[in-house]
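Right, one structure below, let's go through it.
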């Protein structure tokens with residue numbers, strides 16, 4: 003009844019525990035392809051490729067226009083905080099994926115600190131690009147996600163830039179550093195920000 | 003690492019396509035038990051039991067205090083519309099399940115018409131009852147859910163009261179009918195309301 007294409011979901015992937023869990027849950031109902039965006043500044047996307055291999059899902063590198071990153075950085079500098087910029091870059095990446103996928107997913111959570119698309123933004127995105135946009139973790143609390151990620155994965159958590167993952171933040175920070183210097187980073191980004199990298203699947 | 007009890011999720015179940023899909027998705031990551039509430043007025047819960055058998059999940063009937071139904075009906079009559087009453091009864095049923103379960107789930111959707119618990123209500127429910135409250139369908143649009151329910155299930159859709167399912171609405175309507183007569187039902191409930199009953203799992 004459903005074609006192969008209809009059954010394939012592109013999951014935005016960082017190699018962290020949340021996007022790994024997203025892929026893991028969706029693999030039960032769709033054919034999963036992992037997609038990581040790069041703006042060409044860093045090779046942090048290679049972290050995601052490694053974890054994709056571990057999870058045994060096909061991996062696709064999405065080369066994004068550096069202009070999008072420049073616009074993101076401009077917004078963040080103007081705002082003095084990363085929220086709107088990250089929302090902007092996230093939307094642009096989703097739109098780029100949507101050009102070649104009918105099902106698009108990410109690991110956005112119920113009480114994510116990063117501003118997520120509103121219901122009306124989601125509906126207009128789905129309508130405009132003729133896609134299904136799925137956020138499988140939306141109905142889970144952080145506490146429940148911790149239960150699940152610990153059940154399925156072994157992962158490390160890193161603070162700041164000590165060990166970059168494939169999140170947008172790292173290329174954003176890099177561009178800010180190049181243009182405005184390291185001190186600007188400390189002004190703008192919360193110091194307690196952490197990210198995770200999965201290194202093993204539990205048996 | 004995790005005990006059996008920690009791994010069992012109680013899924014609020016009506017026998018319809020959405021709660022069936024909820025159970026289906028969660029079965030991939032937890033041990034599922036289906037729970038249907040009854041207030042003792044009708045035996046519509048038997049529909050849910052039948053579908054539970056079909057889906058091959060354990061079924062539990064939750065006997066609720068008729069007083070909750072009375073309070074629900076009072077609210078609905080006072081309001082002249084069902085929204086707040088249904089939110090109230092839903093919350094009371096979740097709380098009753100939470101007394102004996104550590105993981106509680108329902109099939110509430112992203113753009114559900116029925117008012118759902120707010121983020122702060124969810125957090126206080128999880129905190130007060132020491133439970134994980136999971137709404138796996140929250141990150142899916144109606145269009146995506148249609149794709150999935152059609153992929154997995156054969157189901158019928160029914161309008162109004164022609165063929166009662168195990169949703170709260172049917173006992174609410176019954177009590178209003180007994181207390182205020184049939185005409186009151188037509189005043190309060192939208193005529194285009196439909197519900198579904200799953201009758202087969204696709205191979």
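Residue numbers (my numbering), protein chains in the order written: chain A, 3 to 205; chain B, 3 to 205. From the three backbone atoms N, C-alpha and C, an ideal C-beta is built for every residue, glycine too. Given the structure is predicted, the values throughout are model-derived calculations rather than measurements.
Residues of the stretch 85–110 of chain A whose Cβ lies closer than 7 angstroms to any Cβ of chain B: none.
Put simply, the CB of residue 187 of chain A is far from chain B, with every gap to its CB atoms at 7 angstroms or more. A distance below 6 angstroms between beta-carbons, with the five flanking residues on each side excluded, links residue 103 of chain A to the following residues of its chain, in chain order: 12.
Of the candidates B:100, B:92, B:98 and B:133, the residue whose Cα lies closest to the Cα of residue 119 of chain B is B:92. Using a Cβ-Cβ cut-off of 8 angstroms, residue 58 of chain A is close to nothing in chain B; its nearest Cβ partner there is about 16 angstroms away. The three-state reading of DSSP puts residue 195 of chain A in coil, since its state is none of H, G, I, E or B. The alpha carbon of residue 98 of chain B has as its nearest neighbour, out of B:130, B:113, B:204 and B:86, the alpha carbon of B:130. Taking 7 angstroms as the CB threshold, residue 141 of chain A lines the interface with chain B. Taken through DSSP and simplified to helix, strand or coil, residue 131 of chain B comes out as helix. Cβ atoms of residue 195 of chain A and residue 162 of chain A come within 8 angstroms of each other, at about 7 angstroms. One Cα belongs to residue 193 of chain B, the other to residue 164 of chain B, and the distance between them is close to 12 angstroms.
Shown here, residue 31 of chain A sits in coil according to DSSP, grouped into three states, outside any helix or strand.
As computed with DSSP, residue 36 of chain B is found in a beta bridge with B:13 and B:61. Neighbours of residue 138 of chain B in chain A, taken as residues whose beta carbon is under 7 angstroms from its own, are 141 in chain order. Chain order gives the chain B residues near residue 146 of chain A as 134 and 136, where near means a beta carbon separation below 7 angstroms. For residue 168 of chain B, there is no enclosing beta strand (DSSP E), as DSSP gives it neither H nor E. Per the Cβ contact rule, the stretch 121–139 of chain B is in contact with the stretch 140–159 of chain A (3 or more Cβ pairs under 8 angstroms). Annotated three-state conformation of residue 69 of chain A is helix, per DSSP. Beta-bridge pairing by DSSP links residue 160 of chain B to B:197. Per DSSP, the unbroken alpha helix (DSSP H) holding residue 149 of chain B starts and ends at 144–154. Here the C-alpha atom of residue 157 of chain B lies approximately 7 angstroms from the C-alpha atom of residue 202 of chain B.
In terms of Cα proximity to residue 82 of chain A, the closest of A:178, A:23, A:106 and A:125 is A:178. Contact of residue 19 of chain B with chain A is not assigned, every C-beta pair being separated by 7 angstroms or more. Cβ-Cβ distances below 8 angstroms link residue 57 of chain A to 22, 25, 26, 36, 200 and 203 in the same chain, with the five nearest sequence neighbours on each side left out; the list follows chain order.
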